[in-house]
Every structure is written in structure tokens, then in C-alpha cells.
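Structure first, then comments.
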Amino acid sequence: METITIPYLTGDGVGTEVTPAMITVVNAAVRAAYGDERRIAWQEIHDIEEFRPHKVGIKGPLTTPVGSGIRSLNVALRQALDLYVCLRPVRWYAGVHSPLLHPERVNMTVFRENTEDIYAGIEWEAGTPEAQKFYRFLHNEMGVNKVRFPETSAFGVKPVSREGTERLVRAACRYAIEHALPTVTLVHKGNIMKFTEGGFKRWGYELAERDFADELKSGKLTINDCIADAFLQNTLLKPETYSVIATLNLNGDYISDQLAAMVGGIGIAPGANINYNTGHAIFEATHGTAPDIAGKDIVNPCSIILSAVMMLEYLGWKEAGVLIEHALEHSFQEGYATADLARFMPNGHVLSTSQFAAQLAERITH
Ligand code: NAD
């Protein structure tokens, strides 16, 4: 018997409901797909540092502490393991309510850069000695005279590097080739921010032409680019144009949530943070701890369940993931879902979180 140990962090709030639901469904799928040949040994952990010795893990949502100087555990985890890709696949399941006329045309995978950009946290509050010092440096040493209100300006720095861009775009291109997807689109604001966002676009093209010359020549891979604002419009007007998206951190934040809303909202959007060089990959629910509904057994567990499907694929246990996806498809088509989705379904049957997980496990088993 092949046993893989998977560390998991239950998370706060609704984490205590969605995480056990996910484990129930995954165990049923692994048993149905592999019988006695494969098994997951789940190891509960209580601190993100405990992920480190393992390559692959999964987590529920964590409360972000409020207050200055306290780092979010999510951000700390990404930084500690240098998880440079935030991977967010977006597809629609028949039966799920969508604001689009043709949600079936949405099938995209977003590679969001996770370690650079304005998210690096290099900023100074308006009116502080640091902000004034930074302004004096800009003005006196760099000859910058474009700051409209220097006395009351806050400042932030946006680092974007060739190395950071290359590893992100390389991962996106490899994913497109491995999954036989037609294009990688570099989404950027290079028309305005010529050296940071424009650098991302230029380095992205150069990397693809250097590392994937054969695939580009044979037509196995196509790379193009789109300005972020036009891209957001196009995702609504002609979503079928896009398959794999590579983008910087801030654009990726907006894009991932818009795309999630187009196919059913954050309750169903999966995600992972990955370092393809070390192999570290932490799969996660993309929603928060939902304190308003915690403890009521009504939360939708699909986000973490679909993240587990991504994890199974990453582990090479694809068959088990496919069983879960099929069970979800059938469940939604028949209108069985948690309240957030079932209330929009014409044939909707509202199930609690635990009932929903149990009926998925039942569908997988029989
Ligand atoms: P949230 O995602 O927790 O909730 C936003 C709204 O969506 C709420 O009305 C909630 O009930 C609903 N919702 C969220 N997930 C749902 C699901 N699976 N099924 C049904 N409804 C769902 O966002 P928030 O309220 O802004 O944040 C609450 C806490 O979670 C904060 O501490 C925040 O920092 C944290 N958070 C953590 C993560 C993470 O760990 N990855 C992500 C986002 C927010």
C-alpha cells in the first residue's frame, strides 16, 4: 500500500466545517479509485511552520489579525516557503447560477505572481519622517518633481524583477503545454508602468521565446498579451479567448475574484500557492473564515474540496480527483448544493455542509 502523509491546517471559523467535509470526500475518492493500493494519512498541524518539512499540504481559511505590524499568516506562509505562484483555475459547473449568458465558455487558469509587486509591503504612511525622507530622496537625488502634494503623500514601492517574472511565466507555459491548453496571455499595465508592468511583458515574451522555442514554432504553445483593463472587459464579453493567464500580483488579485464571481463566487473557487522549483505546494480554500455563518453547518465546502482535487492532480492521483469532479457535476445538475448555490437553482435542494459532503462521498462510492 502506498501511503502519502498530508499535513492539514483546519483553519478558523468555517474552517472547522469545510476541512472535515473535504477529508470525508477525498477519503471516499481515494478508496474508490485505488482500493487498498493507496491511502492518505492526514496529519493535523497547528502552525504554518509545520508545513515546511512536507512538500504538499492543504489549509482552511485563517483569521487575519487586525493591527499594524502583525503579518497575516497567509502572507507569512507564502514568504517562508517562497510560494511564488498563486494558481487559480476557474471553470463553470452546469447547474450553478452565473451572471453570464454563457458561463460554459469560461475555462481559465490564472498564474498570479505571489512575491513581488506593490504587495511586497514596502510603503510609508503619509506625514511620517520616513515618508518625508523618501520624498527628499526622490526630489533631491532622483530629480523627481512630479509628486503633486509632497507634504501629505504616502509612498509605496513596486519591485518587479526579470527573475520573478521568468519563474512565473515559465510555470504558466509548462502548465499550458502539459494540459494541451492553447495560449498563455500576459496580462499587464505596461502602457502606463513601462518598466515594471512593461518589464513583465517584455521578459515574459523573451523567456517564452528562449525556453519554449520549439513549442512556439510547432504551435503547441502560443503566447500573447493584453492590457489589464481591456482584459477584464474581454473576460465578460469573450471569455473563450483565454486559457492560461500570467500576471503580476495586484492584477492577479482583481482578476481571480472577478473570474470566480463569473462562475459561482468565492464559495466554489479553489486555489494553491506553489513553488515549482522546490515542489512545495499548499492548497487552500480561497474564501475567508466567514464569521457571519460559522458554526451553522451551512457553509459551502466546494472551495477546499476543489483545492483538494488540484492537490490530487499535483500528486499524480488524478483518478481520485476526477471522481470528485464528476460527483460535483452530478450533484449540481440535480440541484443538490449548500444554500448559497441551491437557492439560485430552479431545482434546488438545500443541504447542510455535512449532508453535502456525505452525499458526495455516497455518489463517489456507488
Ligand atoms: P469571507 O470570505 O470570510 O466572507 C465574505 C462573505 O462571503 C461572507 O458573507 C461569508 O458568509 C460569505 N462566504 C465566504 N465563504 C463562503 C462559503 N464557502 N460558503 C458560503 N458563504 C461564504 O471574507 P471576510 O468576511 O472579508 O473575512 C473574514 C476573515 O477571513 C478575515 O479575518 C479575513 O482576513 C480572513 N480571510 C482569510 C483568507 C484565507 O485564509 N485565505 C482569505 C480571505 C479572508
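The sequence shown begins at 781 in our numbering and counts up one residue at a time.
Every residue, glycine too, gets a C-beta built ideally from N, C-alpha and C.
Spatial distance of residue i from residue j (CA atoms)
{"i": "residue 983", "j": "residue 942", "result": "6 Å"}
{"i": "residue 798", "j": "residue 1103", "result": "19 Å"}
{"i": "residue 918", "j": "residue 926", "result": "10 Å"}
{"i": "residue 935", "j": "residue 1008", "result": "23 Å"}
{"i": "residue 1073", "j": "residue 809", "result": "28 Å"}
{"i": "residue 1099", "j": "residue 806", "result": "11 Å"}
{"i": "residue 1024", "j": "residue 1069", "result": "29 Å"}
{"i": "residue 1113", "j": "residue 1136", "result": "14 Å"}
{"i": "residue 913", "j": "residue 931", "result": "11 Å"}
{"i": "residue 1029", "j": "residue 998", "result": "31 Å"}
{"i": "residue 1138", "j": "residue 804", "result": "7 Å"}
{"i": "residue 802", "j": "residue 795", "result": "10 Å"}
{"i": "residue 1093", "j": "residue 1101", "result": "7 Å"}
{"i": "residue 811", "j": "residue 1144", "result": "9 Å"}
{"i": "residue 923", "j": "residue 940", "result": "22 Å"}
{"i": "residue 899", "j": "residue 879", "result": "30 Å"}
{"i": "residue 944", "j": "residue 1076", "result": "42 Å"}
{"i": "residue 1089", "j": "residue 827", "result": "23 Å"}
{"i": "residue 1071", "j": "residue 920", "result": "49 Å"}
{"i": "residue 987", "j": "residue 950", "result": "7 Å"}
{"i": "residue 896", "j": "residue 1127", "result": "45 Å"}
{"i": "residue 1058", "j": "residue 1096", "result": "17 Å"}
{"i": "residue 843", "j": "residue 858", "result": "16 Å"}
{"i": "residue 973", "j": "residue 1091", "result": "36 Å"}
{"i": "residue 863", "j": "residue 946", "result": "14 Å"}
beta-carbon residue i near the ligand NAD non-hydrogen atom, thresh 8 Å
{"i": "residue 791", "result": "yes"}
{"i": "residue 877", "result": "no"}
{"i": "residue 1082", "result": "yes"}
{"i": "residue 1067", "result": "yes"}
{"i": "residue 842", "result": "yes"}
{"i": "residue 1130", "result": "no"}
{"i": "residue 828", "result": "no"}
{"i": "residue 994", "result": "no"}
{"i": "residue 1073", "result": "yes"}
{"i": "residue 1120", "result": "yes"}
{"i": "residue 1064", "result": "yes"}
{"i": "residue 1061", "result": "no"}
{"i": "residue 933", "result": "no"}
{"i": "residue 1047", "result": "yes"}
{"i": "residue 854", "result": "yes"}
{"i": "residue 1078", "result": "yes"}
{"i": "residue 794", "result": "yes"}
{"i": "residue 1070", "result": "yes"}
{"i": "residue 1024", "result": "no"}
{"i": "residue 1043", "result": "no"}
{"i": "residue 798", "result": "yes"}
Cβ neighbours of residue i in the same chain (closer than 8 Å, five flanking residues each side left out)
{"i": "residue 1047", "result": "1067, 1079, 1080, 1082, 1083, 1118, 1120, 1121"}
{"i": "residue 910", "result": "904"}
{"i": "residue 1014", "result": "1006, 1021, 1022"}
{"i": "residue 873", "result": "1043, 1044, 1048, 1108, 1109, 1112"}
{"i": "residue 996", "result": "988, 989, 1002, 1003"}
Close-in-space but distant-in-sequence residues of the same chain around residue i (CB under 6 Å, 5 per side omitted)
{"i": "residue 977", "result": "968, 969, 970"}
{"i": "residue 1019", "result": "885, 886"}
{"i": "residue 952", "result": "891, 964, 1024, 1026"}
{"i": "residue 782", "result": "818"}
{"i": "residue 907", "result": "none"}
{"i": "residue 1011", "result": "967"}
{"i": "residue 1031", "result": "967, 1008"}
{"i": "residue 1124", "result": "877"}
{"i": "residue 784", "result": "820"}
7 Å CB neighbourhood of residue i in its chain, flanking five on each side removed
{"i": "residue 787", "result": "823, 825, 830, 831, 834, 837"}
{"i": "residue 839", "result": "788, 789, 791, 1062, 1064"}
{"i": "residue 1051", "result": "866, 867, 868, 1064, 1066, 1087"}
{"i": "residue 1141", "result": "804, 805, 808"}
{"i": "residue 875", "result": "1112, 1113, 1115, 1125"}
{"i": "residue 1000", "result": "957"}
{"i": "residue 883", "result": "872, 1042, 1043"}
Min CB distance residue i to chain C below 9 Å
{"i": "residue 971", "result": "Of the protein chains in this structure there is only one, and it is not chain C."}
Residue i Cβ short of 8 Å to the ligand GTP heavy atom set
{"i": "residue 1029", "result": "Of the ligands one can find in the structure shown, namely the ligand NAD, none is the ligand GTP."}
Three CB pairs or more closer than 8 Å across the region 810-825 and the region 852-868: no
Segment contact, 8 Å Cβ cut-off, at least three pairs: the region 1020-1039 with the region 884-895: yes
Could you tell me whether the region 991-1009 touches the region 952-960, where touching means 3 or more Cβ pairs closer than 8 Å? yes
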